[in-house]
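Undergrad:
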Amino acid sequence: MGYLKFVTITVGVAILAILVSFYIVKEGPNIQVSVSNEKETVMQKIKDGLYHVKVNQKDASLIEQQLDKFNVWEEGAEFVHMRKVKIEQFPDLLDHLAENYRDSGITSDDRRKWGGAYLAEEWTSKIIEWKFNTEKAGSTGVQGARYGIVAFAKSSDGKYVDCMLTIYKLDFKLAPTLLLNNHAILWGLYKWSTTEKVEIDRSISKDEITRFQNFFRYKALKEFKKEGIIDRIPNTHRLE
């Protein structure tokens, strides 16, 4: 009788262990998938937004082919990713961006506009572009431009915000030895005359500005692709 009782208890413990093991195996992955899905959801919001920023890649490549017209052409890019910023710290995040990237063109007006997202309850993601042109730097003749894209995405529970920022920086100077009478580059973006002295005409058309901005946008998206945020650069046959 004692032996039978021992066998019964042993079998019962074994069955209980199997049930517990089955529960752990079955239920465990659900928790992990939930955490993973939350990260993927925030990232997908940013990806979806970036895929709506389209560029004409053919037109951008034509600008790159004219780089021999410059004796100074220095370009670079900066990428920043800030994860899981508490929603109540979102204003502090905007202050940080405005303070640290003032030289790259983020203004107090931009800061106020972006702050509207904090007040709105229903927003989930925002993609914002800005551009900034630097003036001619004295006798050096070097000019510059900055172009940036910042992406915000809020978690599903509304408690956190992810922020991604990329800035394309360009400084350039026309090469005087290559200047020709009535010659222009970048589709007339820069024109000059060499009769007595170099004169740069900055009265450019809307179409010419659009082409240059398309080039900057392409460079910024290229940085997002380099960082693995997107796997392709959205292409369009139009200039926007």
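Numbering (the UniProt record's numbering), first residue to last: 1 to 240.
For glycine and all other residues, C-beta sits at the position ideal for the given N, C-alpha and C.
1) Hey, is residue 73's beta-carbon within less than 7 Å of any beta-carbon in chain C?
2) Name the DSSP bridge partner or partners of residue 129?
3) Can you tell me whether residue 114 is helix, strand or coil according to DSSP?
4) Quick check: residue 41 and residue 125, are their CB atoms within less than 7 Å of each other?
5) With DSSP run on the structure shown, which of helix, strand or coil describes residue 196?
6) Can residue 98 and residue 111 be called in contact, C-beta distance under 7 Å?
7) So what does DSSP say about residue 74, is it helix, strand or coil?
8) In terms of alpha-carbon separation, which member of 145, 225 and 87 lies closest to residue 119?
9) Could you tell me the distance, in whole angstroms, from the CA atom of residue 245 to the CA atom of residue 59?
10) Could you give the C-beta distance for residue 85 and residue 163, rounded to a whole number, given that I count them as a contact under 8 Å?
11) Smallest Cα separation from residue 158: which of 117, 49, 148 and 166?
12) Assign residue 231 to one of three DSSP states: helix, strand, or coil.
13) How far does the alpha helix (DSSP H) with residue 60 in it reach, from first residue to last?
TA: On the basis of the data shown:
1) Here chain C cannot be found, since the structure has a single protein chain.
2) 149, per the DSSP bridge assignment.
3) If DSSP states are grouped into helix, strand and coil, residue 114 belongs with the helices.
4) Contact: no.
5) With a pLDDT of 41 at residue 196, under the threshold of 50, the predicted position of this residue should be treated as unreliable, though the coordinate-derived value follows. Three-state DSSP puts residue 196 in coil, outside helix and strand.
6) Cβ atoms of residue 98 and residue 111: closer than 7 Å.
7) Correct three-state label for residue 74: strand.
8) The option with the nearest alpha carbon to residue 119 is 87.
9) Residue 245 is absent from the model: the chain starts at 1 and stops at 240.
10) Yes, residue 85 and residue 163 are in contact; Cβ-Cβ is about 6 Å, under 8 Å.
11) Measuring from the Cα of residue 158, the nearest candidate turns out to be 117.
12) Shown here, residue 231 sits in coil according to DSSP, grouped into three states, outside any helix or strand.
13) Looking at the DSSP string, the run of the alpha helix (DSSP H) that includes residue 60 is 57 to 64.
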